[in-house]
Amino acid sequence: MFDLLKDLALDKLKEKMLPNALGAEATQAAAEQGSSDLISSLVDQVKSGDLSTITSLFSNDGTATQDNGMFQGLVGKLTGALQNNGMNAAEAQTEASNIAPDVLDSIKEKFLSSNAEDSGFDISKIAGLIGGDTGDLLGKVKGLF
C-alpha cells in the first residue's frame, strides 16, 4: 500500500514541479524527498493511532484540505524540499502551496475510485496496519526510503 502511495505521489510531484525554476535533477530530488515525507507523515499518523486525519484527507467527508494537519505538514515539508534543492523561500512556499492540493487530490481520487486498477488504494488497508506492532509497520515501509 505504501509503495503505491509513494509512487503515485512521486509521479504527481514530478509532473506538477516540472515547470519550476529548478533544473530537472533538482526537481527530481525535491519530488523524491516530498514523496518520502508524505509517506513518513502517513506512517507517523498510523503509529499514533489517529486515523481520522488520514481518512478525512482521503475521503469526501467535507473537511477542507487546508484545515487538515497532514496537508499543512506536507506543504511545510515540500517547501523545505524545494529550498533544499535551490529554490528561494518565497518561491518554494508558493510552489508547495500550489502543488500539495493536486498531489493529495490525486491520491484521494485513487481511494475513492471503483476501478479495478485502483483496488490497491483502500483506506481500510492503512487502518489494518495498526493491528500489527510498530516494528511490523516500520518493516513494511522501511524499503520505501
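Taking my numbering, the leading residue of the sequence shown gets 4, the next gets one more, and so forth.
A virtual CB, placed ideally from N, CA and C, is assigned to each residue, including glycine.
Since this is a predicted model, take the numbers as computed values, not measurements.
Taking a C-beta distance under 9 angstroms as the contact criterion, L25 and L77 do not qualify as a contact pair. A Cβ-Cβ distance of about 16 angstroms is found for the pair N91 and A32, leaving them out of contact under the 8 angstroms criterion. If you draw a 10 Å sphere on the C-beta of E98, you find 16 or more other C-beta atoms in it, and that means buried. The three-state secondary structure of N88, taken from DSSP, is coil. Between L16 and G123, the C-beta spacing is not below 9 angstroms. Nearest neighbour of A29 by Cα position, chosen from K113, Q75, L81 and D121, turns out to be L81. For the pair L21 and K113, the CB atoms are not nearer than the 9 angstroms cut-off. When the Cα atoms are used, Q69 and Q75 turn out to be separated by approximately 7 angstroms. A check of alpha carbon separations from I57 across L107, S116 and S117 identifies L107 as the nearest. In this structure, S51 keeps its C-beta atom at 9 angstroms or more from the C-beta atom of K9.
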